[in-house]
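Novice: Structure provided below as structure tokens; questions to follow.
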Amino acid sequence: MKSQDAYKLLFCDYPDVVTVEQMCEMLGGISTKTAYRLLKAGTIKSFVVGRRYRIPKLNILEYLELIEKSNA
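In UniProt numbering, the protein residues as written are 1 to 72.
Here you go:
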């Protein structure tokens, strides 16, 4: 599936830039501890506004695509 197609179909109920809590939901209910570990390691690209992480939805899709390729 192309990234643009996935972007339109997956996570359509979420905004284009999500919070850590929303990211946890999108990734199947992972813990916030795991989410922060992924963000701090740069595995999922993000940016910080004030003291809070903001994650573009596209970066989460790229992460899922990377995992899919590594499991193939």
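Don't be surprised by glycine CBs; every beta carbon is placed ideally from N, CA and C.
So, with DSSP's three-state summary, where would you put Arg-51?
Specialist: DSSP places Arg-51 in coil when its eight states are reduced to three.
Novice: Should Leu-9 be labelled buried (16 or more other beta-carbon atoms within 10 Å of its own) or exposed?
Specialist: Result: exposed.
Novice: Hey, could you find the ends of the alpha helix (DSSP H) Ser-31 is sitting in?
Specialist: No alpha helix (DSSP H) holds Ser-31; DSSP gives it neither H nor E.
Novice: So, using beta-carbon positions, are Tyr-53 and Val-18 closer together than 7 Å?
Specialist: Their beta carbons are not under 7 Å apart, which means Tyr-53 does not touch Val-18 by this criterion.
Novice: With a 10 Å radius around its C-beta and 16 neighbouring C-beta atoms as the bar for buried, classify Lys-45 as buried or exposed.
Specialist: With fewer than 16 other Cβ atoms within 10 Å, it is exposed.
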